[in-house]
Structure formats: structure tokens, C-alpha cells
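A.B. asks: Be aware that the sequence shown starts at 1, since it is given in UniProt numbering, and climbs by one per residue.
Ideal placement from N, C-alpha and C gives every residue a C-beta, glycine not left out.
Since this is a predicted model, take the numbers as computed values, not measurements.
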Amino acid sequence: MPFTARLPWLKTLEQFDFTFQLSIDRKVVRELAGLAFVERCENVILLGPPGLC
1 MPFTARLPWL KTLEQFDFTF QLSIDRKVVR ELAGLAFVER CENVILLGPP
51 GLC
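#1: Measuring CB to CB, does V29 end up less than 8 angstroms from F37?
#2: Could you pull the start and end residues of the alpha helix (DSSP H) that F37 belongs to?
#3: Return the CA-CA distance between P50 and L13, expressed in angstroms with no decimal places.
#4: If I'm right that F18 touches R26 with Cβ under 8 angstroms, what's the distance once you round it to whole angstroms?
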């Protein structure tokens, strides 16, 4: 029988706990969420260690 994770269907940035990972810059996340880089035909590269930190 498959396992169901029971994750919430919708999760917004307003609900995200930025205190969980202090290295995340809220301003950068919100700017990327605005998708302005798409209109400017720019790429976004996300780098970091593998796994959960």
C-alpha cells in the first residue's frame, strides 16, 4: 500500500519559516518569486550542499 505524505496542498511564502534557515535572504527569495528574471531573459542558478541542511 502506498504511503501518503499528507502535506498541505498550498504553501505560500508568507507561511515559510525563514528562521529555520538563517542563511536564506528573504529579499532575494521574494525577488525570485516575482519572476522578473524571466522577463529579462536571465538565468537563475541555485547552489548549495546536497541534502537537507
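C.D. replies: With the given structure in hand:
#1: no
#2: A36 to E39
#3: 23 angstroms
#4: 5 angstroms
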